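Residue numbers (the working numbering): 2 to 254.
Beta carbons: idealized from backbone N, C-alpha and C, even for Gly.
None of these values were measured; they are calculated from a predicted model.
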């Protein structure tokens with residue numbers, strides 16, 4: 002789908018975000034949904050009807066109404082097209098959509114919210130086999146401090162039957178697969194200037210690489226590198242690296 006598939010709606014304004022970045026490069030974002038809040042399920046279904054037969058992946062954001070999110074996930078999975086669902090923010094509809102088997106990409110806060118919405122606390126869910134898998138990945142981001150994220154991801158995997166990819170900012174990415182394996186992908190070392198847009202970069206590149214036919218582990222590694230590069234630059238869109246820049250960084254890591 003290209004820019005020709007963007008709908009022009011009768012709304013007061015286009016969506017806008019006000020972003021404040023602190024000296025460490027971390028951000029706070031206030032969003033005015035604008036036209037995003039007016040997107041309908043019918044519009045999503047119409048846009049996907051012609052696109053799905055040739056699609057390699059459908060990437061879904063939750064910054065649109067829940068019924069529109071549901072329409073995208075249901076259409077993609079029904080067509081057998083890989084679907085990446087980024088639950089940012091976590092909305093109630095996400096829980097019902099887990100049964101359709103999308104690949105979720107929450108951050109640490111979002112996986113905790115999902116675990117709570119599933120009606121359990123994540124701590125204490127993992128059995129001995131899970132502890133061995135966690136320990137096998139080594140320390141750092143996958144140590145005891147990340148037990149809650151791993152346990153929460155296991156709860157989601159039990160509903161989706163699909164991997165869960167958790168973004169952890171400066172700690173990289175955790176990938177939990179349906180067979181119980183937990184992998185940690187470290188970030189590319191950079192000087193952080195602005196974290197705005199890092200999640201968008203990660204999800205966009207991940208979906209693009211899945212669409213290109215990459216295995217999930219390869220797609221996650223490339224997406225993690227891209228997100229790392231993005232935080233070394235100022236601006237959400239301007240900081241996003243192109244394919245040539247990503248490839249050059251991968252050759253040096």
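- By the criterion of a C-beta distance shorter than 8 Å, residue 214 is surrounded in its chain by 57, once the five residues flanking it on both sides are discounted.
- In the three-state scheme derived from DSSP, where H, G and I count as helix and E and B as strand, residue 51 is classed as helix.
- Beta bridge pairing from DSSP links residue 58 with no other residue.
- With fewer than 16 neighbouring CB atoms inside 10 Å of its own CB, residue 251 falls in the exposed class.
- For residue 112, no beta strand (DSSP E) run applies; the uninterrupted alpha helix (DSSP H) run containing it begins and ends at 109-118, by DSSP.
- When only Cα atoms are considered, residue 18 and residue 64 end up about 12 Å apart.
- In this structure, the beta-carbon distance from residue 167 to residue 112 falls below 7 Å.
- Apart from sequence neighbours up to five positions away, the residues of its chain that approach residue 75 with a beta-carbon distance below 7 Å are 101, ordered along the chain.
- Ranked by Cα distance from residue 156, the options 171, 180 and 174 are led by 180.
- As DSSP reads the structure, residue 184 sits in a beta bridge with 176.
- Residue 61 is positioned such that its CB atom lies closer than 7 Å to that of residue 73.
- Between the alpha carbons of residue 114 and residue 54 lies a gap of roughly 34 Å.
- At a Cβ-Cβ threshold of 7 Å, residue 241 and residue 197 do not count as neighbours.
- Residue 253 is classed as exposed because its beta carbon has fewer than 16 other beta carbons within 10 Å across all chains shown.
- Rounded to the nearest angstrom, the gap between the Cα atoms of residue 153 and residue 176 is 12 Å.
- Here the segment 88-100 makes no contact with the segment 211-231; the two share fewer than three CB pairs at distances below 8 Å.
- In terms of Cα proximity to residue 184, the closest of 190, 147, 160 and 208 is 147.
- 94 is the residue among 94, 104, 199 and 193 whose C-alpha sits nearest the C-alpha of residue 118.
- Note on residue 164: 16 or more other CB atoms within 10 angstroms of its CB, so buried under the neighbour-count rule.
- A straight-line Cα-Cα distance of about 5 Å links residue 235 and residue 195.
- If you draw a 10 Å sphere on the C-beta of residue 200, you find 16 or more other C-beta atoms in it, and that means buried.
- Ranked by Cα distance from residue 6, the first of 182, 20, 52 and 35 is 52.
- Ranked by Cα distance from residue 249, the options 230, 237, 238 and 239 are led by 230.
- Here residue 40 really is in contact with residue 66; their C-beta atoms are around 6 Å apart, less than 8 Å.
- Residue pairing by DSSP places residue 20 opposite 30 in a beta bridge.
- Close CB contacts of residue 83 within its chain, under the 6 Å cut and outside five residues either way in sequence, are with 58 and 211 (chain order).
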